[in-house]
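Asks:
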Amino acid sequence: MAKVTNLTLRHQLIYQVYLRNYSPEASFKALEADLDRLKDLGVDLILLSSIFPSQQETEGEGEHLFVQTFDEIGSEYGSMADFEDLVQAVRDKGMKLLITMEIVALAMDAPLVQERPDFFLQGLGGSFYSRLPQGEPVYDLNFSNPKMWDALIERMKYWAHYVDGFYIPHAQLIRTEFFSSARAEVGDVHPYFYWLGGQMTGSELLDLRLQNIDFGTEGEMYSNFDVLDIRPHAGLLERYYDGLMDLANVAFLLNMRTFVTAATSVLNRGLELGAGQRFASKVKNAEELENWTAFSFFRKGIAQLVMGQEYGTTEPIPLHEATPISWDKPHDMTAMVRQLMQLKKREVFKSGYCFHQAVSEDWLLVSYHYYNQHVFGLFKLRENANEAIEVELGIPEGKYANLLGDGHYEAREGRIHVTEGPIIISYDGDIRVPR
Numbered sequence: 001m002a003k004v005t006n007l008t009l010r011h012q013l014i015y016q017v018y019l020r021n022y023s024p025e026a027s028f029k030a031l032e033a034d035l036d037r038l039k040d041l042g043v044d045l046i047l048l049s050s051i052f053p054s055q056q057e058t059e060g061e062g063e064h065l066f067v068q069t070f071d072e073i074g075s076e077y078g079s080m081a082d083f084e085d086l087v088q089a090v091r092d093k094g095m096k097l098l099i100t101m102e103i104v105a106l107a108m109d110a111p112l113v114q115e116r117p118d119f120f121l122q123g124l125g126g127s128f129y130s131r132l133p134q135g136e137p138v139y140d141l142n143f144s145n146p147k148m149w150d151a152l153i154e155r156m157k158y159w160a161h162y163v164d165g166f167y168i169p170h171a172q173l174i175r176t177e178f179f180s181s182a183r184a185e186v187g188d189v190h191p192y193f194y195w196l197g198g199q200m201t202g203s204e205l206l207d208l209r210l211q212n213i214d215f216g217t218e219g220e221m222y223s224n225f226d227v228l229d230i231r232p233h234a235g236l237l238e239r240y241y242d243g244l245m246d247l248a249n250v251a252f253l254l255n256m257r258t259f260v261t262a263a264t265s266v267l268n269r270g271l272e273l274g275a276g277q278r279f280a281s282k283v284k285n286a287e288e289l290e291n292w293t294a295f296s297f298f299r300k301g302i303a304q305l306v307m308g309q310e311y312g313t314t315e316p317i318p319l320h321e322a323t324p325i326s327w328d329k330p331h332d333m334t335a336m337v338r339q340l341m342q343l344k345k346r347e348v349f350k351s352g353y354c355f356h357q358a359v360s361e362d363w364l365l366v367s368y369h370y371y372n373q374h375v376f377g378l379f380k381l382r383e384n385a386n387e388a389i390e391v392e393l394g395i396p397e398g399k400y401a402n403l404l405g406d407g408h409y410e411a412r413e414g415r416i417h418v419t420e421g422p423i424i425i426s427y428d429g430d431i432r433v434p435r
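Position one of the sequence shown corresponds to residue 1 (the UniProt record's numbering), numbered consecutively onward.
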């Protein structure tokens, strides 16, 4: 929601790639060979999880998310010339390339730990430490040190010559003043640069609060980031799915969040915002997977897929090993993703008023309204035995096509009869807008 955020981001799809696990070659060249498939899928932004030399002291083959230095790319992924070729190939296909910058901390074996210990946070006894959860093998950088600050911004400016945006995990642990300066200086190098902020989970934020550790609020982060993820709020829908909260209360809270969030914000609606369990392994069957996936794309904000998610992959990404994921297709959703991305390009999804309604215990109606344009999405988020319902849409009588399939629905007295989702229908004309 930064002052210069381009709201057309709400029309777009991020595709996140963990390069070391993407293919047997684990290289820039291997990803370049797959760009046509990603473009056909509807991808707008490709996000590389890490391209830098990484920590080497964990079990397995090293944790590639814990960076040793931002001075160069990891040689295992290819040469700098290979990276430049990838950047150009992505742009030639009308997409943009973003990279992850985990700047809150560096790996314990980073050269700077010995060379510039003043660049890191230190406790009363002079020992380095990290505020990250679960005892991660990193040391936090000291954002109160202006020399560290300047050195880091110089590295960010260097990479901004090549890529079109940064994703900053754990951004709440970094002073907002740093991002104000970094954004301004990077903007001099690349005026149309995207800043994506990664938030921490609700439980992680609670732990920080209990330890009296300061962190930036979502409201503070909006001023410097174009996109924020919804990780602190993911538990809301999980509580519904686990039977701990009814859907009517979820819909109420989703609407309240819409009303109290700035109208110019862009939220990342991805289902797999962390590197843990794949979403397909959390639901009971393919029907639920399709409904949840369609719902995530339909929500107001930017859509995201993590590599393999389009195929219903259930196996977690082996981050501690240089092992490729399986590209089997337990449930291929690529056709649906393409349809959803075509729909998401409509103006109503960027500028329309969005409202959520629970129309049964497990059916959620999400509607968009922009002048006389109206789009309705119906999503069956939990499977019950052949639950058929009547849904009030307030549209004129007639037949309406399901924009995600070949079926049609007959509206009578403003209502349609539904049994299986996901369903998306549209109507152009005057109707009463829900509230």
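Every residue gets a Cβ at the ideal spot worked out from N, C-alpha and C, and that includes glycine.
These numbers come from a predicted model, not from an experiment.
How would you call residue 436, buried or exposed, if buried means at least 16 neighbouring beta carbons within 10 angstroms?
Replies: Any property of residue 436 remains undetermined from this structure, which presents the chain solely from 1 to 435.
Asks: Which residue's Cα is closest to the Cα of residue 424: 402, 274, 431 and 306?
Replies: Within the sequence shown, residue 424 is the residue found at index 424, counting from 1. If we check each option's Cα against that of residue 424, 402 comes out closest.
Asks: If you reduce the DSSP assignment to three classes, tell me which class residue 124 lands in.
Replies: For the purposes of this step, residue 124 is identified with residue 124 of the sequence shown, where counting begins at 1. Reduced to three states, the DSSP call for residue 124 is coil.
Asks: Bridge partners for residue 428 per DSSP, in chain order?
Replies: Residue numbering aside, residue 428 sits at position 428 when the sequence shown is read from its first letter. For residue 428, which the question treats as bridged, DSSP gives the partners 373.
Asks: Have a look at residue 14 and residue 125 and give me their C-alpha separation to the nearest angstrom.
Replies: As a working mapping, residue 14 is identified with position 14 in the sequence shown. As a working mapping, residue 125 is identified with position 125 in the sequence shown. Between residue 14 and residue 125, the C-alpha separation is close to 43 Å.
Asks: Please state if the CB of residue 101 and the CB of residue 166 are separated by a distance shorter than 9 Å.
Replies: Within the sequence shown, residue 166 is the residue found at index 166, counting from 1. Within the sequence shown, residue 101 is the residue found at index 101, counting from 1. Result yes, Cβ atoms of residue 166 and residue 101 sit closer than 9 Å.
Asks: Report, in whole angstroms, the separation of the C-beta atoms of residue 317 and residue 18, which I expect to be a contact under 8 Å.
Replies: As a position in the sequence shown, residue 317 is number 317, starting the count at 1. As a position in the sequence shown, residue 18 is number 18, starting the count at 1. With 8 Å as the limit, residue 317 and residue 18 qualify as a contact, their Cβ atoms being about 5 Å apart.
Asks: In terms of residue numbering, what span does the alpha helix (DSSP H) encompassing residue 91 cover?
Replies: Here residue 91 refers to the residue found at position 91 when the sequence shown is read from its first residue. Where residue 91 is concerned, the enclosing alpha helix (DSSP H) stretches over 80-92.
Asks: Just curious, the alpha helix (DSSP H) that residue 215 is in, first and last residue?
Replies: What you label residue 215 is simply residue 215 of the sequence shown in a count that begins at 1. Counting along the chain, residue 215 falls outside any alpha helix (DSSP H), and DSSP gives it neither H nor E.
Asks: Please confirm whether residue 9 and residue 192 have their CB atoms less than 9 Å apart.
Replies: Numbered from its first residue, the sequence shown carries residue 9 at position 9. Numbered from its first residue, the sequence shown carries residue 192 at position 192. No.
Asks: Please return the same chain residues whose Cβ sits closer than 7 Å to the Cβ of residue 372, not counting the five positions on each side in sequence.
Replies: Locating residue 372 in the sequence shown gives position 372, counting from the first residue. So the list reads 428, 429 and 430, once near-sequence residues are dropped.
Asks: Starting from the C-beta of residue 412, find all residues in its chain whose C-beta is less than 8 Å away, skip the five residues before and the five after it, and write them out in chain order.
Replies: Against the sequence shown, residue 412 aligns to sequence position 412. 397.
Asks: When burial is assigned at 16 or more other CB atoms within 10 Å of the CB, is residue 259 buried or exposed?
Replies: Indexing the sequence shown from 1 puts residue 259 at position 259. Result: exposed.
Asks: At the level of alpha carbons, what is the spacing between residue 88 and residue 131?
Replies: Taking the first residue of the sequence shown as position 1, residue 88 is located at position 88. Taking the first residue of the sequence shown as position 1, residue 131 is located at position 131. If you take the alpha carbons of residue 88 and residue 131, they lie about 37 Å apart.
Asks: For residue 171 and residue 221, which I take to be in contact (beta-carbon distance under 8 Å), what is that distance rounded to the nearest angstrom?
Replies: The residue labelled residue 171 in the question sits at position 171 within the sequence shown. The residue labelled residue 221 in the question sits at position 221 within the sequence shown. 6 Å between Cβ atoms; contact.
Asks: Which same chain residues, not among the five before or five after residue 414, have their C-beta less than 7 Å away from its C-beta?
Replies: Stepping through the sequence shown from its first residue, residue 414 is reached at position 414. Once the five neighbours on either side are set aside, the close Cβ partners of residue 414 are 392, 393, 394 and 395.
Asks: Measure the C-alpha to C-alpha separation of residue 92 and residue 140 and round it to an integer number of angstroms.
Replies: Residue mapping note: residue 92 aligns to position 92 of the sequence shown, counting from 1. Residue mapping note: residue 140 aligns to position 140 of the sequence shown, counting from 1. Distance between the alpha carbons of residue 92 and residue 140: 38 Å.
Asks: When you compare the region 19-36 with the region 314-328, are there three or more beta-carbon pairs, one atom per stretch, that lie closer than 8 Å?
Replies: As far as the Cβ criterion goes, the region 19-36 touches the region 314-328, which means the pair count is three or higher.
Asks: Mind checking which residues open and close the beta strand (DSSP E) that includes residue 16?
Replies: In the sequence shown, residue 16 corresponds to position 16, counting from 1. Residues 13-17.
Asks: Which residue or residues does DSSP assign as beta-bridge partners of residue 140?
Replies: Numbered from its first residue, the sequence shown carries residue 140 at position 140. DSSP, once it has assigned bridges, lists 105 as partnering residue 140.
Asks: Going by other Cβ atoms of all chains shown within 10 Å of its Cβ, with 16 needed for buried, is residue 299 buried or exposed?
Replies: Mapped onto the sequence shown, residue 299 falls at position 299. Buried, since its Cβ has 16 or more Cβ neighbours within 10 Å.
Asks: With distances taken Cα to Cα, identify the nearest neighbour of residue 144 among 122, 138, 201 and 136.
Replies: The residue you call residue 144 lines up with position 144 of the sequence shown. The shortest C-alpha separation from residue 144 is found at 122.
Asks: Can you name the start and end residues of the beta strand (DSSP E) that residue 194 belongs to?
Replies: For this step, residue 194 is matched to residue 194 along the sequence shown. It spans 194-197 - the beta strand (DSSP E) in which residue 194 sits, taken as one unbroken run.
Asks: Thinking C-beta only, is residue 111 closer than 9 Å to residue 69?
Replies: The count along the sequence shown starts at 1 and reaches residue 69 at position 69. The count along the sequence shown starts at 1 and reaches residue 111 at position 111. Contact flag set, yes.
Asks: Measure the alpha-carbon distance for residue 90 versus residue 237 and round it to whole angstroms.
Replies: Within the sequence shown, the letter at position 90 stands for residue 90. Within the sequence shown, the letter at position 237 stands for residue 237. The alpha-carbon atoms of residue 90 and residue 237 are separated by roughly 34 Å.
Asks: Along the beta strand (DSSP E) that carries residue 229, what are the first and last residues, could you check?
Replies: Position 229 of the sequence shown holds residue 229. Run containing residue 229: 227-229, per the beta strand (DSSP E) assignment.
Asks: Could you tell me the distance, in whole angstroms, from the CA atom of residue 339 to the CA atom of residue 211?
Replies: Your numbering for residue 339 matches position 339 in the sequence shown. Your numbering for residue 211 matches position 211 in the sequence shown. About 46 Å.
Asks: If you measure between the beta carbons of residue 99 and residue 50, is that distance less than 9 Å?
Replies: If you number the sequence shown from 1, residue 99 lands on position 99. If you number the sequence shown from 1, residue 50 lands on position 50. It is a contact, given that the beta carbons lie within the stated cut-off.
Asks: Whole angstroms are fine: how far does the CA of residue 285 sit from the CA of residue 83?
Replies: Against the sequence shown, residue 83 aligns to sequence position 83. Against the sequence shown, residue 285 aligns to sequence position 285. Between residue 83 and residue 285, the C-alpha separation is close to 39 Å.
Asks: Name the DSSP bridge partner or partners of residue 268?
Replies: By 1-based counting over the sequence shown, the position of residue 268 is 268. For residue 268, which the question treats as bridged, DSSP gives the partners 229 and 302.
Asks: From 36, 113, 65 and 108, pick the residue whose C-alpha is nearest to that of residue 86; which is it?
Replies: For the purposes of this step, residue 86 is identified with residue 86 of the sequence shown, where counting begins at 1. Ranking the options by Cα distance to residue 86, first place goes to 36.
Asks: Have a look at 219, 148, 147 and 296 and flag the residue whose alpha-carbon is nearest the alpha-carbon of residue 176.
Replies: Your numbering for residue 176 matches position 176 in the sequence shown. Out of 219, 148, 147 and 296, 219 has the C-alpha closest to the C-alpha of residue 176.
Asks: Between which residues of its own chain and residue 306 is the CB-CB distance below 6 Å, once the five residues before and five after are set aside?
Replies: Against the sequence shown, residue 306 aligns to sequence position 306. These residues qualify, in order along the chain: 16 and 272.
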